[in-house]
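So the sequences go chain by chain: A and B.
The opening position of the first sequence corresponds to residue 1 in the numbering used here, with each subsequent residue numbered one higher.
The opening position of the second sequence corresponds to residue 1001 in the numbering used here, with each subsequent residue numbered one higher.
Taking it in order: structure first as structure tokens, then the write-up.
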Amino acid sequence: MTVVLEAKNLTKKYGDVIAVDNVSLAVEKGALFGLLGPNGSGKTTMIKMLTGQIRPTGGLATVLGLDVVQNPIGVRERVGIIPEQETPPSFLTAVEYLDFVGEVRKIHDVQKKADWWFDFLEFGDKRDVLCKDLSRGTRQKLMFTQAFLHNPTLALIDEPLINFDPIMQRKVKDYLADYAKNGNTIFISTHILGIAEEICTGFAILHKGKLLHTGTVAALTAQDQHLDDFFLTLVQKG
Amino acid sequence: MTMLKLFTNMIKEEWRVHSTIFGSLSFALFPVMIFGIAFMGSFLLPIFRTVLPAGDLATIIHALFLLLGIMVGAFGLIGMEAMNRRFGQASLLAYSARSLPISERTIFLNFVVKDTVYYFILWVFPFVAGFAIASPFIAVPLALPLLLMLTLTLSFLTGLSLIFFLSTIYARSKQMLTLLLALIIIGWATLYLATRISIAILYPPLALFRAFSWGTLLATCAVIAIPFTVAIVLFTSEYTDTTKRFSSALTPLTRRFSFFPYPPLAAKDLIDLHRSGSLIGQTIFSFLIPLGLLWFLLSVLAQVLPPGGVLMLFAILTGVIASTIYTWLTAFDTFSSYTSLPISVPMLLTSKMCSFAVLQLIPAALIIGVSVVSGGAAFLFPALILCLSVSFYALAVTVRLTGLSPSVLVYDPKVLLIYLISIGIAIIILIALAFIHPWYAVASVLLFLPAWLLVKSGYAKWDAEEQQGF
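Given below as structure tokens:
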């Protein structure tokens, strides 16, 4: 299988604080990979390094064959990113923000694609509302839309369902699973283990910046283990 | 006890917000810098007095502190928006009524008291202290700085109470606000027409400074206390629905700006400026009013300056102020909005500078207007070149020093000092040239070379830095 995302001894320090400590992992094409860990474990820092938003203090990372330090813009051109905090520009309307993304990413038929997403995520009534006046849930829908507007083969999502209601969570989980089944790759970071157990194929557990485990949900199931029990035991030990 | 706790925590919060942005030491030095400027500036008073009556100077200083109160109050009210842009999902005590068992009015009252104490320590006290320490050397009786401390504090509070009052009314009803503003203007105009007393005298803190009396002090306090009280009584966090809908403007604007290096970024800048109200508000309050004041001051110097000197000096100062248009373009923007897109810091800087270039039509129009009206049309061309060269050079210095966060300039003494030296040297040389002959000022185009080098090194510097909001 082709590896689409790879980290080798990736490290990020902020002064004396080590946010990510020597983490190595690889994600194959078509995987729905979950990076799991308690709050403050370094998940968001990992995503930021993998998308070229911040520079690693040490180690290497490649995404779709591109070095994230050497070519961060190239990485962000190819992947879809949903950051942890939903911050679309305040004074653009929802549809203008998608037009903006379309212009920056040079997407054809952006309005047609945006219409599909407005309909799918059920927020078409908010298309002309300024982003600053949108609820957190609607902003999350907008950020979700912008990440998939250019049909990326790899999407990195920080806490994908955190602001969605249960109905929307179901819809989005199904979408992500189908997206991966079609040969695309999804890399999500979350501390909600139910999501990972339900939709992820592979996972890694991060705690205090260190990688504790990588594996597959299928392997756990084969051993008659639940992800949350496994996670809690590992984190409490670590 | 709760009140005191809330108040002390709000003070700590305000300090931490500022020191997080500007660095603890840098921010702690800010009042020292104000003190130093006031102290050294006081020694220029005897020179100023020869060309400017003391009363006019007092009017200007009181007007500046009124403006400071208005700005501080306005920032307090849009603080949440500004903080979110700076720090991501920020939360301030002033906005936490729903999560604490304290009424919104109590929080608002504490907010008002906190702003008063905090900015008194930060601005008013150091300013007056600098003047007071210098007063024995410039033959000013010590009573004057003490009176000034009182009246400047009251002037600051007038601005603060006015903006809180008007914003509370605005939150309830825009029509009521319009009616109220109309009544204030008509009332003031009627009073002026009936009595023919100078409008400045009708401003209570200034009237108190000119002729202290307990009655005037009481009246001034009432002018401040009444709007504050009304604001606290009428305060509500349940604002009328402000959700606005707009038809899509980005795509047509992007096409119109197709000659720009990054058309969608330029279109977004213009939309931000228009919808945030910054374009008109900033043009009036950050540009036309200060420059109007400057023109008035410079006109006084006309008798001692060479021909065309006033216009040239005005062009230089307009250039410096015009360079702050860059802050209009960055105030309502944060890099976190771009983290998910293939946009780099140099791309954003380039785009902001292009938008800045378009907005230079504002100072250009002003220079053209002033040249024609003041009878200096013969020197219009050098004045225009001078103004724009200085503006672009000062912009380049700002970009090199502060990247996408030019507001740092205001409170970081180290950055401000480097900025002042970099700009100051160029300005002194240009003033000398322009005073020898106005046409020599055309040499200011040479500033574009260091400007270009500064911008280039700014790209490298800020691209290597991890941006806030990431």
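Just so it is clear, CB atoms sit at the ideal spot from N, CA and C, and this is done for glycine as well.
One or two residues paired with residue i in a DSSP bridge
i: Y1319 of chain B; result: Looking at the sequence shown, residue 1319 of chain B is not Tyr but Gly. Bridge partners of G1319 of chain B: none, in fact.
i: A155 of chain A; result: A:G80 and A:I186
i: E6 of chain A; result: A:A26 and A:T62
i: G1458 of chain B; result: Answer is none; G1458 of chain B lacks a bridge partner.
i: R1245 of chain B; result: A:V129
i: S203 of chain A; result: A small fix is needed here, since residue 203 of chain A is Phe in this sequence, not Ser. Paired residue(s): A:G34 and A:G215.
i: T11 of chain A; result: A:G58
i: V20 of chain A; result: A:K12
i: L1005 of chain B; result: At residue 1005 of chain B the sequence reads Lys, which differs from the Leu that was named. DSSP output for K1005 of chain B lists no bridge partner at all.
i: K210 of chain A; result: A:H207
Reference residue i, options the options, closest by Cα
i: F1314 of chain B; options: B:P1342, B:T1195, B:Y1262 and B:G1369; result: B:G1369
i: A1225 of chain B; options: B:E1466, B:K1244, B:F1209 and B:P1204; result: B:P1204
i: K1244 of chain B; options: A:L60, A:L154 and A:A94; result: A:A94
i: I1325 of chain B; options: B:V1345, B:S1351, B:A1302 and B:S1391; result: B:S1391
i: E197 of chain A; options: A:L10, A:Q225, A:N182 and A:Y179; result: A:Q225
i: A1432 of chain B; options: B:F1164, B:L1404, B:P1306 and B:T1158; result: B:P1306
i: I1427 of chain B; options: B:P1438, B:S1444, B:P1413 and B:D1412; result: B:S1444
i: W1015 of chain B; options: B:I1121, B:H1062 and B:I1107; result: B:I1121
i: T87 of chain A; options: A:K132, A:N22, A:D119 and A:V63; result: A:K132
i: A1377 of chain B; options: B:G1308, B:S1422 and B:L1217; result: B:G1308
i: L1181 of chain B; options: B:L1193, B:R1196, B:F1165 and B:Y1192; result: B:F1165
i: L66 of chain A; options: A:M168, A:G59, A:M143 and A:R78; result: A:R78
i: S188 of chain A; options: A:L161, A:R170 and A:V101; result: Looking at the sequence provided, one finds Ile at residue 188 of chain A rather than Ser. The shortest C-alpha separation from I188 of chain A is found at A:L161.
i: L130 of chain A; options: B:P1413, B:K1268, B:A1394 and B:P1450; result: B:K1268
i: Y179 of chain A; options: A:L156, A:L193, A:P166 and A:T57; result: A:L156
i: L1064 of chain B; options: B:L1341, B:I1429, B:L1152 and B:P1263; result: B:L1152
i: Y1440 of chain B; options: B:V1304, B:L1142, B:M1312 and B:L1317; result: B:M1312
i: G1292 of chain B; options: B:S1278, B:L1317 and B:I1280; result: B:L1317
i: L154 of chain A; options: A:N182, A:P166 and A:I167; result: A:N182
i: A1464 of chain B; options: B:A1222, B:S1155 and B:G1403; result: B:G1403
i: L216 of chain A; options: A:F231, A:K210 and A:I81; result: Residue identity check: residue 216 of chain A is Thr in the sequence provided, not Leu. When each option's Cα is compared against that of T216 of chain A, the closest is A:F231.
i: A1074 of chain B; options: B:L1157, B:A1058 and B:P1406; result: B:L1157
Contact set between residue i and chain B, taken where Cβ atoms lie within less than 7 Å
i: F100 of chain A; result: L1250, P1264 and K1268
i: A155 of chain A; result: The premise fails here: A155 of chain A is roughly 10 Å from chain B at the closest Cβ pair, so nothing lies under 7 Å.
i: T11 of chain A; result: Neighbours of T11 of chain A on chain B: none; closest Cβ ~15 Å, over 7 Å.
i: A147 of chain A; result: S1340
Neighbourhood of residue i by C-beta, 6 Å cutoff - its chain only, sequence neighbours within 5 removed
i: L1472 of chain B; result: Given a span of 1001 to 1470 for chain B in the structure shown, any question on residue 1472 of chain B remains unanswerable.
i: K13 of chain A; result: T57
i: G1159 of chain B; result: L1066, G1069 and I1070
i: T1168 of chain B; result: A1231, L1234 and F1235
i: A1082 of chain B; result: The pLDDT assigned to A1082 of chain B is 47, lower than 50, so where the model puts this residue is not dependable, and the model offers no usable value.
i: F1127 of chain B; result: I1034 and A1038
Own chain, CB closer than 7 Å to residue i, minus 5 neighbours either side, in chain order
i: F164 of chain A; result: G137, Q140 and V172
i: G37 of chain A; result: K43, H191, I205, L206 and H207
i: G1469 of chain B; result: Here G1469 of chain B scores only 45 on pLDDT, less than 50, and its place in the model should not be relied on; the value that follows carries that caveat. Correct list, in chain order: G1088, T1334, F1335 and S1336.
i: E84 of chain A; result: T44, D158 and E159
i: H1437 of chain B; result: none
i: T2 of chain A; result: E28 and K29
i: F1287 of chain B; result: I1321 and I1362
Nonlocal neighbours in the same chain, by C-beta distance under 8 Å from residue i, ignoring five residues either side
i: A177 of chain A; result: L32 and I199
i: V1442 of chain B; result: F1381, P1382, I1385 and L1386
i: R1275 of chain B; result: F1246
i: N39 of chain A; result: H191
i: S1457 of chain B; result: R1400
i: D128 of chain A; result: T93, A94 and V95
Within-8 Å CB hit, residue i to chain E
i: E77 of chain A; result: Absent from the structure: chain E. Protein chains present are A and B.
Interface partners of residue i on chain A, CB under 7 Å
i: F1332 of chain B; result: S90 and F91
i: I1185 of chain B; result: Within chain A, no residue comes near I1185 of chain B; the closest Cβ sits about 30 Å away, beyond 7 Å.
Residues that residue i contacts on chain A, provided the C-beta gap is smaller than 9 Å
i: F1259 of chain B; result: Those do not exist, as F1259 of chain B stays about 15 Å from chain A at its closest Cβ, beyond 9 Å.
i: V1438 of chain B; result: Strictly speaking, residue 1438 of chain B in this sequence is Pro, with Val absent from that position. The premise fails here: P1438 of chain B is roughly 42 Å from chain A at the closest Cβ pair, so nothing lies under 9 Å.
i: D1272 of chain B; result: P89, S90, F91 and L92
i: S1336 of chain B; result: P83, Q85 and T87
i: I1343 of chain B; result: I73, R76 and V104
i: T1254 of chain B; result: D99, F100 and E103
Within chain A, partners of residue i - CB distance below 8 Å
i: V1275 of chain B; result: What sits at residue 1275 of chain B in the sequence shown is Arg, not Val. Chain A residues near R1275 of chain B: F91 and L130.
i: F1246 of chain B; result: T93, E96, D128 and L130
beta-carbon residue i near the ligand ADP non-hydrogen atom, thresh 7 Å
i: L1270 of chain B; result: The ligand ADP is absent from the structure shown, which contains no ligand whatsoever.
Q | Ordered list of alpha helix (DSSP H) runs contained in the segment 1308 to 1359 of chain B, each at least 4 residues | A | The DSSP assignment places 1309 to 1323, 1325 to 1331 and 1345 to 1359 as complete runs of the alpha helix (DSSP H) inside the segment 1308 to 1359 of chain B, in order along the chain (cut-off: 4 residues).
(Q) Threshold first: 4 residues or longer. Then list the alpha helix (DSSP H) segments lying entirely within the segment 65 to 137 of chain A, N to C. (A) List check, alpha helix (DSSP H) in window: 72 to 78, 94 to 105 and 110 to 120.
**Q.** Within the segment 1360 to 1431 of chain B, ranges of the alpha helix (DSSP H) (whole runs, at least 4 residues)
**A.** With a minimum length of 4 residues, the continuous alpha helix (DSSP H) runs that stay inside the segment 1360 to 1431 of chain B are 1361 to 1373, 1380 to 1402 and 1408 to 1411.
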